[in-house]
Amino acid sequence: MAYQTRQREPLLDSNTAEAIEKRGKELLGIGLVVLGVMAAMMIGSYTPDDPNWMLATDAPAQNWLGRMGASLAAPLFMIVGWGAWGLAVVLLVWGVRFALHRGQERAMGRLIFAPIAVALGAIYAATLTPDAEWLQTHSFGLGGLFGDTIMGVILTLLPIGSTFTVKLMSLVMGVGILALGAFVLGFTKSELTRFARFLLVGTIMVYAALMNVLGRSATGAVAAAQGLQAKQAVRRQQRRAEQAEASVYAAEHARAEVQVAPAASRMPRLIASRAAQTSQTPEYAAEPEYGDEDGPKTSLLARMPGLIKRPDAMPEPELVERHHQPVLEQAPSEERIKTKISDVIKSRVRSTNAVHVPATSPLTRGRGRGPDPLVLNTTRAEPPLTARSAQAPAAAPSVARPVSAPTPAPISSIPDYADASPNENYDALTEPFNEDDVNIFVDSQMVEETSPQVAAPKPLTFTPTKIPVPEAKRVVMPMTRKAVPQSKQAQAEAQPVLSFEDSHRGFELPPLSLLESPEDSPRQHLSDEALEENARMLESVLDDYGVKGEIVAVRPGPVVTMYELEPAPGLKASRVIGLADDIARSMAALSARVSTVPGRSVIGIELPNEHREKVVLREILSSRDFGDGNQNLPLALGKDIGGEPVVANLAKMPHLLIAGTTGSGKSVAINTMILSLLYKLSPEECRMIMIDPKMLELSVYDGIPHLLSPVVTDPKKALVALKWTVGEMEDRYRKMSKMGVRNIEGYNGRVKEALAKGEMFSRTVQTGFDDDTGEPIFETEENTPVKLPYIVVIVDEMADLMMVAGKEIEACIQRLAQMARASGIHLIMATQRPSVDVITGTIKANFPTRISFQVTSKIDSRTILGEMGAEQLLGMGDMLYMAGGSKVIRCHGPFVSDEEVEEIVNHLKQFGEPEYVSGVVEGPPEDTQSDIDSVLGLNTGGNTDSEDALYDTAVAIVTKDRKCSTSYIQRKLAIGYNKAARLVEQMEDEGLVSPANHVGKREILVPEQG
């Protein structure tokens, strides 16, 4: 039987399938090109110092692909060296081929040999000699470990010299890599021929274009040179005429000093001589200030027009731009000269050539009218022209001087014109010298010369122009530390008390005078210049470690100075924080703490001051924040890094966890917290339970009226005190529940109102139902209103308690931390061993407010704060205060001496003995004790319902089977060994079984049931 198959049409037609295939190859080609470009960027930006899997460093990656590129480039260079470029070339070429559909069908057959081509490239690179920089940063050659290994084997096997072998291998590998590379890249013979032809034609065309450009440039240069030469010839003729005119004027002026002649008699002669200069140039001998034409060429300033003529023959033309000035053939009028000079002065552009009045009196000419002469000087101060030097050209025309000092004498006297505006402040004095203006000045003096007297120049005063220099940006904030506002108590104590006033009415808070005055402590201040220098040094240190940024502010404090760093964009704060130890070493500091500033974009770098100020407790207790604040349980923590008092409210915390090593200031801080409460609250407002397993720190407070019990030093009694605290918390909650309030503030408010009205607390409750009528029966309860004080439990060393009864202590602390806030019970717990077995996760979760003093390691800092930084503290009260579980503030705790504590305690003991509560140390009654253990989950004296049912089952099994052993009960009930052992011991206590004999067997004392 034959089955006929139905022909199915394909899903896509041939054209669509072919188009999809082409687009897929194009996408593949684009992907290969992208990978090739990335590989080229990765290899081209390779740096051996970048962090990779073989080198761990905090420096930023210089590779263009970041840390990933550095991690990939390092092993590639280590294995094949510069042969890694073959990978990028292969990806790029085949990407272009796939994108352009050029020979993609040859891909599989050619790419198989790509690893061989890369290997040949590594061997070829190994034959090259690396430079000194490569040898300093790498332990292998340019060909990587693979190339070095192959070259070492070849040099060992071949019997010829190593130098010749290396050259031979370089030639062979070079030819081989070219041939194999062309094959791997998919080139065919026709493609290679076209490529060679393209290179040849392109080279010829580039060469022809270059020659064309160079030819045009040469033609233009020749034309420009010819034009400049022609202009220079014209300027040279002008310069000769001007110099001849100046020479004539100098000669006439010299003769005028010896023999005065009227101006009218000399004017025709001067005009005739100047007219003759236009047709021919007279020749003069060289002056003592000039060299002859055979000497070296003088500079541009030396060739400025003087009072005598230059030699005729000029060696070569120079490119000096001059303004054309026609030679005057007749004497101009005075008004015309003044107008022309004024226009020149006003239209002149200022230049950098400054002019000053020479120390020697310059040569001036007497004039019958007109303003005093304006003194003009050139770049250097020259001696003025005298009559003898002016007559030298006419007297000795044939005398030639040696060419040793080519220093021409400048024109030193030019008239000052009255119609120049006085507001112009002689702008022309700062302008460059111009020969055309000299001609005008000379003509004007020849016309106006009517007197033979020589007038002294009018002194000019020049005001130097100051260039504004931008003021350097200051980073030191002006820390004018204000005086702390005094509280009412401090102001009252500052006033003298009259003798007839009764200042002791009942309980009195300790006076502030018992504490050390802040005026007795010296204040240390660092100058702004020193802070600026430290800021610049810190910037340099950060730049050395590759941290780019700018110190924008410096905030000095009593103990540390915070430098605010504005990091460059893209810089991670964690990288700067990790450099804390290196920054401290480079800045020669004991330690450095680096952290982010909450709410700002800067990073705070805290460095200790050279001289540390002493923080005094009295200054904080006298502040308005503490004395006049509305905190229920204020704690004076100290000062922040800016010197401002830090006062916290224990009622809002609501519990405080403190950690720190020995000597870090932890015990002193506990004393300051206790004194803060004693200075603020009376015994009716606050009571304390002090637990001090070390028996030294808190024993000094024994006997003050604020205590509920003597200072507890026995760890076992400490557990009893904590259990009493739990019972007190439960009792307070029952009282507040009856009053319908939510916290202790509401309860005490009701008590205050009732006491003011003289009323009792009454509460109507239902006690049952009437048997006859069935109606409910109500009774009224009346209670005496009693104000509940706050209870603060202070534990100085928590680690000692955890070693004695860790589970029970943790249960009590957990219960109090979770629920004691509303009842007015608060905990202050301190430990010098902040390990995870002491500060467990349960305790940390219920103590959001923590203080860390100096610790030994970063692990301890993370345990107490959840972040690093506490290991960088300075000790002696330096702390990190974390409020609310997020914000960390650095504070400096105040110091209080033992003498001050004793004086305050003696003052408090004057007001009577403390009212101790017996149950705190002795323990609550039996019924209350079982309830407390039940609340805490410590059922050591009885069983729960489930355990009672399990015990009954065990008794039934023993009675039925007449066997009793721990392992037997464990197997029968499928329970643990410990629980089975407790069941057996309980049956032994109740007399159901006998104690175990010498072989471990027990007799069943319960009679067998029939």
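Everything in the sequence shown is counted per the numbering used here, starting at 98 for the first residue and increasing by one.
The beta carbon of each residue, even a glycine, is placed where N, CA and C say it ideally should be.
C-alpha gap between residue i and residue j, whole angstroms
i: Gly865; j: Met836; result: 21 Å
i: Glu1100; j: Ala1046; result: 23 Å
i: Glu878; j: Phe858; result: 8 Å
i: Leu225; j: Val130; result: 29 Å
i: Ala1093; j: Ala1071; result: 22 Å
i: Gly249; j: Met270; result: 15 Å
i: Val649; j: Val673; result: 16 Å
i: Met659; j: Ile702; result: 5 Å
i: Met302; j: Leu242; result: 44 Å
i: Val134; j: Lys955; result: 43 Å
i: Ala383; j: Leu325; result: Note that Ala383 scores 39 on pLDDT, short of 50, meaning its location in the model is unreliable and no value can be drawn from it.
i: Arg831; j: Asn845; result: 14 Å
i: Met916; j: Glu827; result: 9 Å
i: Arg336; j: Ala318; result: 26 Å
i: Gly312; j: Ala306; result: 10 Å
i: Ala851; j: Gly938; result: 44 Å
i: Val1096; j: Ser1062; result: 12 Å
i: Met308; j: Gly240; result: 41 Å
i: Ile738; j: Gln621; result: 14 Å
C-beta contact flag for residue i and residue j at 8 Å
i: His1004; j: Pro653; result: no
i: Ala223; j: Ile247; result: yes
i: Asp893; j: Asp957; result: no
i: Ser683; j: Val638; result: yes
i: Gly192; j: Ile127; result: yes
i: Leu635; j: Asn706; result: no
i: Pro807; j: Phe1008; result: no
i: Pro172; j: Thr234; result: no
i: Leu714; j: Leu628; result: no
i: Thr822; j: Ile786; result: yes
i: Ala196; j: Ile140; result: no
i: Ile1001; j: Ile891; result: no
i: Ala818; j: Val1014; result: no
i: Val656; j: Leu898; result: no
Beta bridge counterpart(s) of residue i as assigned by DSSP
i: Leu152; result: Asn149
i: Lys1060; result: DSSP output for Lys1060 lists no bridge partner at all.
i: Val691; result: Ile702
i: Ser949; result: Ala756 and Leu977
i: Cys909; result: Cys909 is not bridged to any residue.
i: His1004; result: His1004 is not bridged to any residue.
i: Leu662; result: Ile648 and Ile700
i: Gly735; result: Val743
i: Phe866; result: Pro873
i: Val1090; result: Ile1101
i: Ile786; result: Val890
Residue closest to residue i, alpha-carbon to alpha-carbon, out of the options
i: Ala733; options: Leu852, His989, Gln323 and Gly218; result: His989
i: Ala677; options: Gly966, Asn1075 and Leu307; result: Gly966
i: Arg847; options: Asn880, Val1017 and Glu872; result: Asn880
i: Pro751; options: Tyr887, Arg207 and Ala116; result: Tyr887
i: Pro695; options: Gly283, Met979, Met175 and Glu876; result: Met979
i: Ala927; options: Glu794, His708 and Pro664; result: Glu794
i: Trp150; options: Asp640, Met165, Val998 and Arg987; result: Met165
i: Ala745; options: Ile986, Ile936, Ala276 and Leu277; result: Ile986
i: Asp975; options: Gly735, Glu1085, Glu996 and Phe604; result: Gly735
i: Val644; options: Asn112, Leu125, Pro157 and Pro1021; result: Pro157
Cβ-Cβ separation, residue j to residue i (assumed contact under 8 Å), whole Å
i: Gly163; j: Ala214; result: Gly163 to Ala214, Cβ: 28 Å. No contact.
i: Arg930; j: Ala896; result: 5 Å
i: Pro1109; j: Ala167; result: Only positions 98 to 1107 of the chain appear in the structure, and residue 1109 is not among them; the question remains open.
i: Gly1088; j: Phe950; result: So it is not a contact: roughly 57 Å between Cβ atoms.
i: Ala908; j: Leu1033; result: 4 Å
i: Val1124; j: Val187; result: This structure leaves residue 1124 out entirely; the chain is present only between 98 and 1107.
i: Val952; j: Glu968; result: 6 Å
i: Ala681; j: Ser688; result: 5 Å
i: Val177; j: Ala114; result: Contact doesn't hold; Cβ gap of about 40 Å is too wide.
The ligand SAH heavy atom lying under 7 Å from the CB of residue i
i: Glu123; result: Looking at this structure, you won't find the ligand SAH or any other ligand, since it has none at all.
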